[in-house]
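Enquirer: My questions all concern the structure below.
Residue numbers (our numbering), protein chains in the order written: chain H, 1 to 215; chain C, 216 to 430.
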C-alpha cells in the first residue's frame with residue numbers, strides 16, 4: 001500500500017510492532033527464551049511466518065534454540081527506530097488531540113512531545129499537560145528552535161490540508177495523520193502513517209456480518 | 216492475522232473500506248464510471264490487484280467497460296455490512312471515548328449509537344451528546360432492552376478484561392477495542408477489531424528511519 005524499506009514488504013513491517021509488544025509482555029513476565037513455535041502461537045500466526053519475518057532482518061535465532069526475548073526485543077526496537085529520539089508536536093487539541101496526548105505512551109517509542117498547536121483562540125495560550133498551546137504565529141520559529149521531527153495531526157480532513165502545507169513549509173516531513181487528507185500523494189517525500197478509525201468500524205461491520213453468516 | 220470469510224483473505228477485507236471511501240469521494244465528485252486502472256492509481260495499488268480484489272466477491276465490472284461508481288459503492292457497502300443497523304454503545308467516556316463519540320461518523324457505517332457507559336461516579340448520570348452516561352448497574356437491562364449488537368471499548372488495558380467479561384455475560388459479541396486486552400483469544404466467538412495506536416507510532420518510527428536511510 002505504501003513505501004517499503006527496500007526488499008521488506010509492508011505486511012512484514014506492520015507485524016514488527018506486534019512482535020515488539022509481544023516481546024515486551026514476555027520480558028515483563030520474566031520469560032528469557034522463546035521458540036518460534038511458541039512466539040507464533042501467542043501472535044496467532046504460523047511458526048514459519050515468524051522465522052521468515054525475522055529472517056528478513058538478518059535472523060536473530062538459532063535453529064532449535066529459539067530466541068532470547070530481551071535481545072530480540074532490543075533488536076526489533078532498533079529496527080523500528082523507536083530507540084532514537086524524535087521531537088514531536090501535536091496539532092489539533094480537541095477531544096482527539098487530548099485522547100492522543102493522554103493515551104499514547106510517546107516516549108516509550110522515542111517520540112518526545114515538545115509542544116501543542118491549535119487554531120482555536122479559546123485554547124491558544126492555555127496550558128495542558130505542562131505545555132502552553134501555541135497558534136500558527138509561533139509555528140516556524142518553534143519547529144526550528146526545537147528541532148521538531150514529526151507532527152501528529154488530530155484534525156478534521158477539511159482543515160488538514162492547510163495545516164500540512166504550513167508544517168511542510170516549516171520543514172516537517174513526518175506525520176501521524178488521523179484525517180483523510182492524503183498527505184502521501186501531495187507530499188511524496190514525507191513519511192506518513194494514517195490512522196483511519198472509520199476503516200476500523202467498516203472492518204468490524206464486515207467481521208460481524210461474516211460471523212453471523214457462518215453461525 | 217485473524218478470521219476470514221471463507222476464501223477471502225484478511226488483506227483483501229482490509230482493502231474494502233479503502234475502496235468504499237475512494238468510491239464515496241468519486242461519487243461526491245460526480246464521477247459515474249471508472250476503470251480499474253484509474254481506481255488503482257487513486258488507491259495506490261496495481262490495476263490487476265483491483266480486478267483480483269473485486270473478483271473475490273463476484274466481480275462488478277465488465278472487461279474494458281470499467282465500473283459504475285454508485286453501483287460498486289453500494290455493492291461494497293453490502294459486502295461490508297455497513298448498510299444494516301448495528302445498535303452500539305461506547306464503554307469508557309474519558310478523552311478517548313469523547314474523541315470517538317465526536318469524531319466517528321457512526322451512522323454512516325450502520326453503527327447506531329444507543330448509549331454511553333463509564334465507571335467514574337463523576338461522569339455517571341451526566342449527559343453527553345444527548346445520552347445519559349450509565350454505570351454497570353444498568354448494563355444487563357440496557358443491553359437486552361436496546362438490542363445492543365456492538366460495544367466500542369475506550370478503556371485502558373488494565374480495566375478492559377473485567378468490562379468485556381460483563382459485556383459478554385450481557386450478550387455482547389462484537390467489539391471495537393482500543394485497549395491491548397486480547398478479546399479474540401479469550402472469547403473466540405466474538406468479532407473483534409483492535410485499534411492499536413501504539414503500533415501506528417511504531418510504524419511511523421520505522422518509516423521515518425527507512426526514509427532517512429534512503430535519502
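Positions of the beta carbon are idealized from the N, C-alpha and C atoms, including for glycine.
Taking its Cβ as the centre, do 16 or more other Cβ atoms sit within 10 Å of residue 252 of chain C, making it buried, or is it exposed?
Expert: It is exposed - the Cβ of residue 252 of chain C has fewer than 16 other Cβ atoms within 10 Å.
Enquirer: Quick one: what does DSSP say residue 363 of chain C is sitting in, helix, strand or coil?
Expert: If DSSP states are grouped into helix, strand and coil, residue 363 of chain C belongs with coil.
Enquirer: For a quick check, are the C-beta atoms of residue 167 of chain H and residue 139 of chain H less than 9 Å apart?
Expert: Against a cut-off of 9 Å, the Cβ pair of residue 139 of chain H and residue 167 of chain H comes out as a contact.
Enquirer: Use the C-beta contact count for residue 280 of chain C: other C-beta atoms within 10 angstroms, 16 or more gives buried, fewer gives exposed.
Expert: By the neighbour-count rule (16 or more Cβ atoms within 10 Å), residue 280 of chain C is not buried but exposed.
Enquirer: List the whole-angstrom C-beta distance separating residue 163 of chain H from residue 178 of chain H, where the pair is believed to meet the contact cut-off of C-beta under 8 Å.
Expert: Actually they do not touch by this definition, with Cβ atoms about 12 Å apart.
Enquirer: At a CB-CB cut-off below 7 Å, which residues of chain H make contact with residue 418 of chain C?
Expert: Those within 7 Å of residue 418 of chain C in chain H are 13, 14, 17, 193.
Enquirer: Are the beta-carbon atoms of residue 109 of chain H and residue 422 of chain C separated by less than 9 Å?
Expert: Taking 9 Å as the Cβ cut-off, residue 109 of chain H and residue 422 of chain C do not qualify as a contacting pair.
Enquirer: Could you check what DSSP says for residue 301 of chain C in three-state terms: helix, strand or coil?
Expert: The answer is strand: DSSP assigns residue 301 of chain C an E or B state.
Enquirer: Please name the residue, chosen from H:30, H:105, H:42, H:24, that lies closest to residue 397 of chain C on a Cα-to-Cα basis.
Expert: With distances taken between Cα atoms, residue 397 of chain C lies closest to H:42.
Enquirer: Can you tell which of C:406, C:305, C:232 has the C-alpha that lies nearest to the C-alpha of residue 351 of chain C?
Expert: Residue 351 of chain C has its Cα closest to that of C:305, out of C:406, C:305, C:232.
Enquirer: Could you tell me the alpha carbon to alpha carbon distance between residue 376 of chain C and residue 369 of chain C, rounded to whole angstroms?
Expert: Going from the Cα of residue 376 of chain C to the Cα of residue 369 of chain C covers about 12 Å.
Enquirer: If you draw a straight line from the alpha carbon of residue 21 of chain H to that of residue 69 of chain H, how long is it in whole angstroms?
Expert: Their backbone Cα atoms lie some 11 Å apart in a straight line.
Enquirer: Taking the straight line between their C-alpha atoms, what separation do you get for residue 103 of chain H and residue 185 of chain H?
Expert: Distance between the alpha carbons of residue 103 of chain H and residue 185 of chain H is about 29 Å.
Enquirer: Measuring CB to CB, does residue 205 of chain H end up less than 9 Å from residue 296 of chain C?
Expert: Yes, these two residues count as a Cβ contact at 9 Å.
Enquirer: Enumerate, from N- to C-terminal direction, the unbroken alpha helix (DSSP H) stretches of 4 or more residues contained entirely within the stretch 32-69 of chain H.
Expert: Complete alpha helix (DSSP H) runs here, min 4: 36-43, 47-56.
Enquirer: At least one CB of chain H closer than 9 Å to the CB of residue 314 of chain C: is that the case?
Expert: Yes, residue 314 of chain C lies at the interface with chain H (some Cβ there is under 9 Å from its Cβ).
Enquirer: With a cut-off of 9 Å, does the C-beta of residue 414 of chain C fall near any C-beta of chain H?
Expert: Taking Cβ atoms only, chain H reaches closer than 9 Å to residue 414 of chain C, which makes this a yes.
Enquirer: Does chain C have any CB closer than 9 Å to the CB of residue 33 of chain H?
Expert: Not one chain C Cβ lies under 9 Å of residue 33 of chain H.
Enquirer: Would you mind giving the Cβ-Cβ distance between residue 88 of chain H and residue 111 of chain H, rounded to the nearest angstrom? I have them listed as a contact below 8 Å.
Expert: Their Cβ separation, rounded to whole angstroms, is 4 Å, which keeps residue 88 of chain H and residue 111 of chain H in contact under 8 Å.
Enquirer: Below 7 Å on C-beta distance, what does residue 353 of chain C contact in chain H?
Expert: Going along chain H, no residue has its Cβ under 7 Å from residue 353 of chain C, so there is no contact; the nearest lies around 24 Å.
Enquirer: Would the beta-carbon of residue 13 of chain H fall within 9 Å of that of residue 418 of chain C?
Expert: Cβ atoms of residue 13 of chain H and residue 418 of chain C: closer than 9 Å.
Enquirer: What does a CB cutoff of less than 8 Å around residue 124 of chain H pick up in its chain, not counting 5 residues either side in sequence?
Expert: Same-chain partners within the cutoff: 118, 133, 134, 135.
Enquirer: In the DSSP assignment, the alpha helix (DSSP H) including residue 8 of chain H goes from what residue to what residue?
Expert: Per DSSP, residue 8 of chain H belongs to no alpha helix (DSSP H) and is neither H nor E.
Enquirer: Using the C-alpha atoms, what's the distance from residue 287 of chain C back to residue 71 of chain H?
Expert: One C-alpha to the other measures close to 49 Å.
Enquirer: Considering only DSSP beta bridges, list what residue 327 of chain C is partnered with.
Expert: Answer is C:302.
Enquirer: Less than 9 Å between the C-beta atoms of residue 76 of chain H and residue 23 of chain H, yes or no?
Expert: In contact: residue 76 of chain H and residue 23 of chain H (Cβ atoms closer than 9 Å).
Enquirer: Could you tell me which chain C residues have their CB closer than 8 Å to the CB of residue 95 of chain H, listed as they occur along the chain?
Expert: Result: 310, 313, 314, 316, 317, 318.
Enquirer: Starting from residue 407 of chain C, follow the alpha helix (DSSP H) in both directions and report where the run begins and ends.
Expert: Taken as a continuous stretch (DSSP letters only), residue 407 of chain C belongs to no alpha helix (DSSP H), being part of the beta strand (DSSP E) at 406-409.
Enquirer: Counting only beta-carbon separations shorter than 9 Å, does residue 20 of chain H have a partner in chain C?
Expert: It does; some Cβ of chain C falls within 9 Å.
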